[in-house]
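Undergrad: What follows is a structure written as structure tokens; I'll ask about it next.
Residue numbers (this note's numbering): 402 to 1028.
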């Protein structure tokens, strides 16, 4: 009887230790330490793994050290019988097609890992399929597997392709940094008020086009706008004479007067709320025939070839619709697909996201479905090729979707959080293809939960790395994840603890939230609408002026967008791409130190444009259409 109980208890202990290791970023053995201690770093490609455990890998590239061998041989079943199951895991990964690997060899100190101390013995660390395995050198030719080391996930938790890029960055940039914490904190709390309205979403909006951001709260009981007045976030909705009721919305210049307008869907009707010269808003119903007969699931600003006047991409339960506005105030809708959608077994139709996903300067559309998505390649202003299927789905129930460039390759990725399912992080592979890389996203992959109702891409630390903000309907406080670089996230633990201490009621859930520079300090502040209707602002603590460049398009830009703008720091480190549209708050490229930053962007049909900006004492804001 006792023996029977021993195995489950031992397994439970192993699982608990593994979970602890996965949730911990090791500050004492970072990727920089890994590179420094490695005498040899090889990029390998496995051919296959035999039933005996023998696996031969071809040397694709020598990243560090000297290696004349063209192949490396491993024995993945060299350990004792009870541990051979781990070797079989590695074999199954290789057999499943995940054949790329990195081998690190050296006399590691590796504090906080299973090979801590090393004892002067050469050891090998094999990274494959997001897993770390400890290897020992048997006869200068054969690497024998000892065990899988969960603790090494504290050094790097992600996919091998990202680890290759991380190593290349460390070896080529003298100022390379792979953060182990967020390095910033909240500076307190400020209660803004309380509302009895059901809030669907929150977003930052630049109403006057001067970079001073307001918080827009969408509600079918009446939208609200709050703006910083030097002391608090003031409800300026009455001053704006804004009477919209939004379940879905988009901000853009839809009448071509150079001012920001609101397109609002109230569940039955689309209306425009056009900003007047005095800053107030006047409402007008949009007459678009039967263009919206299939409802409205999403609204996105889209350039339709009318200089200075934006159109709308409307996600519906059938084909997406491109809506253009005429001089007489009427609108014309054109479905992207004539007839039935080629959705097949993708299930329920969902929202659309618009961006230049394939890097050709033209906006493309991804339409989400429950079990996958459709990719519409842009061919001209407001025109798209017939769709092809991809993986981008939302699951089921209420969900939220946002864009980010989490691996900093200049191609927009897609993040989905769901009330009824775990998040999905779709890495952009190019050509309209995406792959869910949630398991290879560090702490985000196993700390983020189901129950998410909102998501946003943010640079919380002003370090040029795109992180993630998630709000939850119940049971969890909002979460901030900082990016270590290369799609490897860590939970902002200090900020998480502060939120739980400052606003314990936030753990009961939120209705909506957003993070933006509401106080005008180039630092990200968090605006929250809690489940009980309380409105709170958590300003980020600022001791020194945060640096960076905000790149945007003015509301009256000749090109409405969306446009991808990328940046590189003085050491050529890519800060990734942000997707911006005319009149939106823009892209914040944070900087850890003063110096030059190079921005790049390309308008449809044009050449790549480039602008070097030197940032010294304070952040700079650029209107790309004014350069």
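For glycine and all other residues, C-beta sits at the position ideal for the given N, C-alpha and C. As the structure is a computational prediction, the values presented were derived from the model and not from experiment.
#1: I'd like the span of the beta strand (DSSP E) that includes residue 845, first residue to last.
#2: Within 10 angstroms of the Cβ of residue 686, are there 16 or more other Cβ atoms? Answer buried if so, exposed if not.
#3: How do the region 508–528 and the region 431–447 stand: do at least 3 beta-carbon pairs fall below 8 Å, yes or no?
#4: Write down the C-beta distance between residue 394 and residue 526 rounded to the nearest angstrom, noting that I regard them as a contact closer than 8 Å.
#5: Straight-line CA distance for residue 742 to residue 777?
#6: According to DSSP, is residue 584 helix, strand or coil?
#7: Going along the chain, which residues of its own chain have a beta-carbon closer than 8 Å to the beta-carbon of residue 514, five neighbours each way excluded?
#8: Identify the continuous beta strand (DSSP E) that holds residue 627 and give its terminal residues.
#9: Since residue 960 is in the alpha helix (DSSP H), which residue starts that stretch and which ends it?
#10: Is the region 791–806 in contact with the region 767–776, if contact means three or more CB pairs nearer than 8 Å?
#11: Under the DSSP definition of a beta bridge, which residues are partnered with residue 1003?
#12: How far does the beta strand (DSSP E) with residue 828 in it extend, from its first residue to its last?
#13: Quick check on residue 519: does DSSP put it in helix, strand or coil?
#14: Alpha carbon to alpha carbon, how far is residue 447 from residue 521? Give it in angstroms, no decimals.
#15: Considering only residues of the region 595–652, which uninterrupted alpha helix (DSSP H) runs meet the minimum length of 4 residues and lie entirely inside it, listed in chain order?
#16: Skipping 5 residues on each side, what residues in its chain have a beta carbon closer than 8 Å to that of residue 548?
#17: Quick check on the burial criterion: 16 or more other C-beta atoms within 10 angstroms. Buried or exposed for residue 899?
#18: What does a CB cutoff of less than 6 Å around residue 818 pick up in its chain, not counting 5 residues either side in sequence?
#19: Mind checking whether residue 712 and residue 703 have CB atoms under 8 Å apart?
#20: Do the CB positions of residue 652 and residue 663 come within less than 8 Å of each other?
#21: Helix, strand or coil: which one does DSSP assign to residue 920?
#22: Are at least three pairs of beta-carbons, each pair with one atom in the region 889–903 and one in the region 838–853, less than 8 Å apart?
#23: Out of 761, 813, 750, which has the shortest C-alpha to C-alpha gap to residue 799?
#24: Reducing DSSP to helix, strand and coil, say where residue 496 ends up.
#25: Helix, strand or coil: how does DSSP classify residue 838 here?
#26: Given a cut-off of 8 Å on the beta-carbon distance, is the pair residue 591 and residue 646 in contact?
#27: Residue 491 by DSSP, collapsed to three states: which one?
#28: Here's the rule: buried if 16 or more other CB atoms are within 10 angstroms of the residue's CB, otherwise exposed. What is residue 731?
#29: At 3 residues or longer, what runs of the beta strand (DSSP E) sit wholly inside the region 852–930?
#30: Check residue 579 in the structure and name its three-state DSSP category.
#31: What is the rounded straight-line gap between the Cα of residue 577 and the Cα of residue 570?
#32: I need the straight-line Cα distance from residue 1019 to residue 863, nearest angstrom please.
#33: Using beta-carbon positions only, say whether residue 829 and residue 813 come within less than 8 Å of one another.
#34: At what residues does the beta strand (DSSP E) containing residue 807 begin and finish?
#35: Go ahead and pull the three-state DSSP assignment for residue 953.
#36: For a test of the three-state rule: what should DSSP assign to residue 707, helix, strand or coil?
TA: Let's see:
#1: Position 444 of the chain shown, counted from the first residue, corresponds to residue 845. First-last for residue 845: 845–848, but that is the alpha helix (DSSP H), not the beta strand (DSSP E).
#2: Taking the chain shown and counting its residues from 1, one reaches residue 686 at position 285. Per the 10 Å Cβ criterion, exposed.
#3: yes
#4: Because the chain in this structure spans residues 402 to 1028, residue 394 falls outside the shown range and cannot be described.
#5: The residue labelled residue 742 in the question sits at position 341 within the chain shown. The residue labelled residue 777 in the question sits at position 376 within the chain shown. Each residue's alpha carbon lies about 12 Å from the other.
#6: Working through the chain shown from its first residue, we reach residue 584 at position 183. In this structure, residue 584 counts as coil in the three-state DSSP scheme.
#7: Here the question's residue 514 lines up with position 113 in the chain shown. Once the five neighbours on either side are set aside, the close Cβ partners of residue 514 are 427, 430, 550, 552, 553, 555, 556.
#8: Here the question's residue 627 lines up with position 226 in the chain shown. From DSSP, the beta strand (DSSP E) with residue 627 extends over 625–629.
#9: Looking up residue 960 in the chain shown gives position 559. Run containing residue 960: none; DSSP gives neither H nor E here.
#10: yes
#11: In the chain shown, residue 1003 corresponds to position 602, counting from 1. In the DSSP output, where bridge partners are listed per residue, residue 1003 has 1009.
#12: Counting from one through the chain shown, the residue named residue 828 turns up at place 427. Run containing residue 828: 825–831, per the beta strand (DSSP E) assignment.
#13: Indexing the chain shown from 1 puts residue 519 at position 118. Residue state, collapsed to three classes: helix.
#14: Against the chain shown, residue 521 aligns to sequence position 120. Against the chain shown, residue 447 aligns to sequence position 46. Straight-line Cα distance between these residues: approximately 29 Å.
#15: 638–641
#16: Indexing the chain shown from 1 puts residue 548 at position 147. Here the set comprises 480, 484, 487, 515, 534, 535.
#17: In the chain shown, counting from the first residue as 1, residue 899 sits at position 498. So residue 899 counts as buried.
#18: Your numbering for residue 818 matches position 417 in the chain shown. Counting only Cβ-Cβ distances below 6 Å, and skipping sequence neighbours, we find 801, 824, 853, 856, 871.
#19: Position 311 of the chain shown, counted from the start, is the residue given in the question as residue 712. Position 302 of the chain shown, counted from the start, is the residue given in the question as residue 703. In contact: residue 712 and residue 703 (Cβ atoms closer than 8 Å).
#20: Sequence index remark: in the chain shown, residue 652 carries index 251 (1-based). Sequence index remark: in the chain shown, residue 663 carries index 262 (1-based). Yes. Within cutoff.
#21: Your numbering for residue 920 matches position 519 in the chain shown. Correct three-state label for residue 920: coil.
#22: yes
#23: For the purposes of this step, residue 799 is identified with residue 398 of the chain shown, where counting begins at 1. Selected option, being the one with the closest Cα: 750.
#24: Translated into the one-based positions of the chain shown, residue 496 becomes position 95. It is helical.
#25: Position 437 of the chain shown, counted from the start, is the residue given in the question as residue 838. Of the three classes helix, strand and coil, the one that applies to residue 838 here is coil, per DSSP.
#26: Position 190 of the chain shown, counting from 1, holds the residue named residue 591. Position 245 of the chain shown, counting from 1, holds the residue named residue 646. No, Cβ-Cβ distance for residue 591 and residue 646 is not below 8 Å.
#27: Along the chain shown, one-based indexing puts residue 491 at 90. Of the three classes helix, strand and coil, the one that applies to residue 491 here is helix, per DSSP.
#28: Locating residue 731 in the chain shown gives position 330, counting from the first residue. When all chains shown are included, residue 731 counts as exposed.
#29: 853–859, 868–873, 880–884, 890–892, 911–917
#30: For the purposes of this step, residue 579 is taken as the residue at position 178 of the chain shown. The answer is coil: DSSP assigns residue 579 none of H, G, I, E or B.
#31: Translated into positions along the chain shown, residue 577 becomes position 176. Translated into positions along the chain shown, residue 570 becomes position 169. So the alpha carbons of these two residues sit roughly 7 Å apart.
#32: For this step, residue 1019 is matched to residue 618 along the chain shown. For this step, residue 863 is matched to residue 462 along the chain shown. For residue 1019 and residue 863, the distance between alpha carbons rounds to 12 Å.
#33: Residue 829 sits at position 428 when you count from the first residue of the chain shown. Residue 813 sits at position 412 when you count from the first residue of the chain shown. For residue 829 and residue 813, yes; Cβs fall inside 8 Å.
#34: In the chain shown, counting from the first residue as 1, residue 807 sits at position 406. It is not in any beta strand (DSSP E) - residue 807 carries neither H nor E in the DSSP assignment.
#35: Counting from one through the chain shown, the residue named residue 953 turns up at place 552. Strand.
#36: Sequence index remark: in the chain shown, residue 707 carries index 306 (1-based). Coil at residue 707, not helix or strand.
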